[in-house]
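K.L.:
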Amino acid sequence: MGGISLWHWIILFLFFVLPVLAIGRLAWFLVRRSRAAAPPAPSVEARLQRLDALLAQGAITTAEHARQRAEIVRSL
Numbered sequence: 006m007g008g009i010s011l012w013h014w015i016i017l018f019l020f021f022v023l024p025v026l027a028i029g030r031l032a033w034f035l036v037r038r039s040r041a042a043a044p045p046a047p048s049v050e051a052r053l054q055r056l057d058a059l060l061a062q063g064a065i066t067t068a069e070h071a072r073q074r075a076e077i078v079r080s081l
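Reminder that position 17 of the sequence shown reads as 22 in the working numbering, one-by-one numbering, no gaps.
(1) Does the region 67-81 come close enough to the region 45-59 that 3 or more CB-CB pairs lie under 8 Å?
(2) Apart from the five residues just before and just after residue 19, which ones in its own chain have a Cβ nearer than 8 Å to its Cβ?
(3) Taking the alpha-carbon positions, what's the residue 58 to residue 45 distance?
(4) Along the chain, where does the alpha helix (DSSP H) containing residue 24 start, and where does it finish?
(5) Measure the CB-CB distance between residue 81 and residue 36 and report whether it falls below 8 Å.
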């Protein structure tokens, strides 16, 4: 009746330590995969060109163009 036997340590390891390690590994894998899958943000030049194209197509007004352009420049 003294201390914890080897079998108790094995049971503790199997039921507590291994699941924690497995969950941690799964979380690490999912975070790594989500970071790798994210597409790169478009450059400022590409965003401004797209905005100019929308204005040329008549999809946005001059006021909307000016507002969006100011936001893009402000984000620098």
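Don't be surprised by glycine CBs; every beta carbon is placed ideally from N, CA and C.
P.N.:
Answer, in terms of the structure:
(1) Yes, they touch.
(2) Excluding positions up to five away in sequence, the list is empty.
(3) In a straight line, the C-alpha of residue 58 is about 21 Å away from that of residue 45.
(4) Counting along the chain, the alpha helix (DSSP H) containing residue 24 begins and ends at 23-42.
(5) Contact flag unset, no.
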